[in-house]
Amino acid sequence: MSAVDASRMQRRRLRRDRLASLWLTASGLGVMAVVIVMLSYLFSVSWPLLMPASTQPMTPQGITATVDDESRQLADLLALPTTSPIARAAAAPLIATGSERLELAGIWLADGRLQPVQIDDSAKIPTVKRLATLTVPTGLSRSSAHLMINDDQLWMSAPESSGSRLWLARLSLSDSDAIWQQQWLEKAGAQASMAGRLLITAGEHDFQQWQLAGVANEQGPLAHIISRGTHVPARITALRVLRGGESLILGDDTGGLTHYLQPGHALPLVAVGTFDSGLNAPIVALSAAHRSLGFAALDATGRLGLYQATAERKRLVQDWLTAQTVAEGVTLAFSRNDHQLVATGSTAAAKPTETTAQALVIDDPHPDVGLSTLLGKVWYEGRPAPEWIWQMGDSSSEPRLSLVPIVWGTLKAALVGLLFAVPLGLGCAIHVSCFMAPRQRSRIKPLLEMMEALPTVVIGFIAALVVAPFVERELMAVLLGLVLIPLGTMVAGFVWTLAPRDWRVLLPENMAAFGLLPLLVLLLWLDITIANHVEHWWFEGDIKQWLFSHYGIGYAQRNTLVTGMALGLAVMPTLFTLSEDALSSVPRGLAAGSAALGATPWQSLRRVILPAAAVGVCSALMIGMGRAVGETMIVLMVAGNTPLVDASLFEGLRSLAATIAIELPEADVGSSHYRLLFLAALALFLFTFIVNTFAEVLRQRFAPPTRGGWG
C-alpha cells in the first residue's frame with residue numbers, strides 16, 4: 001500500500017470517527033432534551049395545584065339576591081332584571097334555589113310572605129313561574145333567616161327578633177301535593193344555619209345540633225335534638241354549615257374560626273381544629289362554597305378571608321368592604337361554580353325595592369389541594385380520626401387527596417418484591433459466576449437472562465388467576481415453605497461440610513446445585529405434609545381466621561404477598577444479570593491469590609470477590625429497586641388496588657403507576673384530580689430517574705479496569 005493510499009485511509013477513518021462521535025453526542029443530548037421536556041411538562045401541569053388564590057372586582061347586573069343551593073342545580077346568585085314582578089315586589093329578598101328534580105326557588109318577600117317559584121334558567125335571562133304564596137309569622141329577624149332546598153323540600157328558618165325561639169318550616173312538593181309544616185324550636189338561640197340534614201342553632205356561647213326530618217310527615221316533628229348546649233369560650237357572631245351537612249364553621253368576636261364536624265352519621269359534632277384566620281375583628285358573615293368544603297368569612301372591618309375546611313387552610317385574606325357597609329348589614333354568597341362571591345346589603349342611598357351588591361371574581365381552581373392535604377393526616381367528614389386517604393369524591397362528597405397511601409403502596413410492593421428477588425437473583429449470580437463450570441454457565445446464564453423478556457402482563461395474569469387463589473387456599477403451606485425450604489437448605493449445606501471428605505468428593509462443587517434437587521423435593525413434600533397439622537395445632541384450624549380474631553389482620557386474595565412474589569420474579573433477571581456482570585468483572589488474579597494463600601472458595605468469595613464487586617452489586621440492587629417501583633401491570637392486576645397505609649402482607653395496596661393507569665383516562669382535564677395524577681407521575685419519574693442514574697454512575701465510577709470469568 002502506497003503512502004498516498006495509507007494517508008487517504010487514515011483521513012477516511014478519522015472522518016468516520018468524528019461522524020460517529022457527533023452521532024453519539026447528538027443522541028446523548030437528544031435523550032437529555034427528552035428527559036428535560038418530560039420533566040418540564042409534568043411540572044407545568046402539576047404546578048397550578050400549589051398556586052395561591054386571587055380575586056378581581058366585578059360589578060353584578062340587575063337585582064342580586066343571596067341564594068343557598070344545597071344540590072347545586074341552579075345558580076346561587078340569581079340576577080333578576082328590574083322589570084321582574086318578583087323584583088318589584090321584593091325588598092332585599094332572601095332566596096334559596098335548587099332541587100334534584102325541580103328547578104325550584106323560595107323567596108321571602110318584604111311583606112312577610114314566602115313565594116315558591118319554579119325557575120327556567122335555560123335562557124340567558126331566567127324566567128320564573130310563581131306558585132301559591134305562603135304565610136310567614138311576623139316578628140322574625142330577616143337578617144338571621146336562612147332558606148335551603150334539599151330533596152325537593154324548601155326549608156326556612158328564622159329566629160324571633162327577641163332571639164328566644166326559632167321558627168322552622170318546610171314545604172314538601174310532590175307531583176300531586178304540597179305539604180306546608182311549621183314548628184317553633186324553644187330556646188334555640190338567635191342564629192341558625194342548615195345544610196343537608198343538619199341544623200345548627202346558636203346563642204352567644206353555645207350551640208345546639210338538630211337532625212332534620214327526611215320524609216314528609218304531617219304529624220311528626222321537623223327536627224329532633226342531637227346535642228344541646230355545646231359550650232364555646234368566645235362569643236359566637238356567625239355560623240355556617242358547609243356543603244353536605246357534616247361540617248360547621250363558627251366565627252367569634254375575636255376574629256377566630258373554629259371547625260366542627262360529625263365523626264359519623266347523626267353523631268354530635270366535635271371540634272377538629274381552628275384556622276389562622278388573619279382576621280382581628282368580629283366575624284359578621286360566613287358563606288359556604290358549593291363544590292368544595294371552602295367558605296368565605298367577613299369581619300366587622302370589611303376584611304375578607306377565603307378558607308378550605310378540609311385541612312384548616314387559609315387561601316386568601318384581603319381588604320374588601322368598608323366598615324360602614326358592613327355595619328349596615330351584609331350577606332355573602334358564592335356562585336354555583338364558586339368563581340364569584342357577592343356581598344349584598346341595603347344602604348340609605350339604595351331604592352326601597354333594590355339591594356346593593358359588590359362582587360369578586362375568585363381564581364382558586366384547586367382549593368382542596370395543598371401540602372397539608374397531600375402529605376399530612378386529615379380529619380375527614382364521617383371518619384373517627386385523622387387519616388391518610390386517597391379517594392376521589394363525587395358531586396356530593398369531598399375528595400380525599402393524600403398521596404401517602406399510594407406512595408406507601410409503591411414502596412411496600414417494591415420492598416416486598418425485592419425480598420423475593422434479591423436472594424434469588426444474587427444467589428444465582430454468585431453460583432453462576434463463581435461456582436458453576438464454564439460449560440454449564442454458557443447454558444444457564446442465557447436462560448435466566450431470557451426471563452427478563454417475559455411480559456409483565458403475563459406474569460400478572462398468572463399471579464392473579466392462578467397464584468393468588470392457590471396462596472389463599474394453601475396459605476399455611478406457603479408461609480411454612482418460605483421458612484422451611486431456605487432453612488432446610490442451609491442446614492443441609494452445613495451438614496454436608498461435616499461429611500467425610502471421601503463422601504464430598506463424590507459430588508463436585510460445580511454439580512452441588514443438582515445434588516440439591518432431591519433435597520428440595522423432600523422439603524416440599526415435608527412442607528405439604530405437616531402444613532395442615534401445624535395449622536390445626538397452633539392456629540385453631542384456620543390461620544386466616546386466627547390472624548383476624550387475635551390481631552385484627554384481614555386477608556384479601558390479591559394482596560402484598562402475592563404481589564411481592566410476582567414482582568420478585570419480574571425483577572430477579574435484572575438483578576441476576578447486573579450482579580453476575582459485577583462478579584465476573586473482578587480480576588481472576590484476586591481469587592487465585594487468595595486460593596494460593598489457603599483460602600477456601602467460600603472464603604475467597606466472602607472476603608475477596610464480594611468486597612471487590614460490592615459497588616456493582618449495590619448498583620444492581622438500586623436498579624432493581626427502580627424497576628420494581630415503576631412496575632405497573634403486575635401491581636395493577638395482583639395488588640387489589642386498595643390504597644391502604646397498612647404494613648400487613650395480607651392486605652392489598654395501590655401504587656403510583658397503577659393509580660395513574662387506572663384514573664388518568666377518567667380524570668377531567670385541568671381538574672385537581674387530573675393535575676394530582678401528573679404530580680404522581682412527576683414523583684415516580686424523579687424517583688426512578690434519580691435511583692437509576694445514581695446506580696449507573698456508581699457502577700461506572702467504581703467498575704474494575706479488567707474483566708475475568710471464574711472457572
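Residue numbers (full-length UniProt numbering): 1 to 711. We put the beta carbon where it would ideally sit given N, CA and C, even for glycine. Just so it is clear, the structure is predicted and the values come from calculations on it, not from any experiment.
Residue i beta carbon near the ligand MN (any heavy atom closer than 6 Å)
i: residue 433; result: As presented, the structure is devoid of all ligands, the ligand MN included, so that no description of it is given.
Neighbour-count burial assignment, residue i, 16 or more Cβ in a 10 Å radius
i: residue 669; result: exposed
i: residue 490; result: exposed
i: residue 92; result: Any reading at residue 92 needs caution, since the residue's pLDDT is 42, under 50, leaving its predicted position unreliable; the model's value is listed next. By the 10 Å Cβ count, residue 92 comes out buried.
i: residue 299; result: buried
i: residue 303; result: buried
i: residue 275; result: buried
i: residue 100; result: Reliability fails at residue 100, whose pLDDT of 37 lies under 50, so the model's placement of it is uncertain and no value is given.
i: residue 259; result: buried
i: residue 24; result: exposed
i: residue 169; result: buried
i: residue 231; result: exposed
i: residue 338; result: buried
i: residue 666; result: exposed
i: residue 589; result: exposed
i: residue 717; result: The chain is shown only over 1 to 711; residue 717 falls outside these bounds and no answer can be derived.
i: residue 184; result: exposed
i: residue 498; result: exposed
i: residue 319; result: exposed
Residues near residue i in its chain [Cβ-Cβ closer than 6 Å; skip 5 each side]
i: residue 292; result: 367 and 368
i: residue 49; result: 366, 369 and 675
i: residue 12; result: none
i: residue 627; result: 571 and 574
Three-state secondary structure assigned by DSSP to residue i
i: residue 536; result: helix
i: residue 187; result: coil
i: residue 688; result: helix
i: residue 307; result: strand
i: residue 206; result: strand
i: residue 115; result: strand
i: residue 503; result: helix
i: residue 489; result: helix
i: residue 717; result: A query on residue 717 cannot be resolved here, the shown segment of the chain reaching from 1 to 711 and no further.
i: residue 137; result: coil
i: residue 297; result: strand
i: residue 160; result: strand
i: residue 10; result: helix
i: residue 517; result: helix
i: residue 673; result: helix
i: residue 262; result: coil
i: residue 223; result: strand
i: residue 446; result: helix
i: residue 726; result: Nothing can be reported for residue 726: it is not among the residues displayed for the chain, which extend from 1 to 711.
i: residue 642; result: coil
i: residue 181; result: strand
Closer than 7 Å to chain B by CB, residue i
i: residue 167; result: In the structure shown, chain B cannot be found, because there is only a single protein chain.
Residue i - containing alpha helix (DSSP H), residue span
i: residue 594; result: 588-596
i: residue 581; result: 560-584
i: residue 550; result: 543-551
i: residue 469; result: 468-473
i: residue 659; result: 656-663
i: residue 637; result: 633-638
i: residue 456; result: 456-462
i: residue 629; result: 610-629
Proximal residues to residue i (C-beta, below 7 Å), its chain only, five neighbours per side dropped
i: residue 661; result: 632 and 636
i: residue 254; result: 234
i: residue 623; result: 574, 578, 692 and 695
i: residue 459; result: 566, 569, 570 and 634
i: residue 322; result: 302
For residue i, the first and last residue of its enclosing beta strand (DSSP E)
i: residue 272; result: 270-274
i: residue 322; result: Per DSSP, residue 322 belongs to no beta strand (DSSP E) and is neither H nor E.
i: residue 57; result: 54-58
i: residue 333; result: 331-334
i: residue 604; result: Counting along the chain, residue 604 falls outside any beta strand (DSSP E), though it belongs to the alpha helix (DSSP H) covering 601-604.
Proximal residues to residue i (C-beta, below 8 Å), its chain only, five neighbours per side dropped
i: residue 548; result: 554 and 555
i: residue 485; result: 520, 523, 524 and 527
i: residue 508; result: none
What ranges does the alpha helix (DSSP H) occupy inside the region 364-432, keeping only unbroken runs of at least 4 residues that lie completely in it?
Considered as a whole, the region 364-432 harbours 371-375 and 404-430 as its complete alpha helix (DSSP H) runs of no fewer than 4 residues, in chain order.
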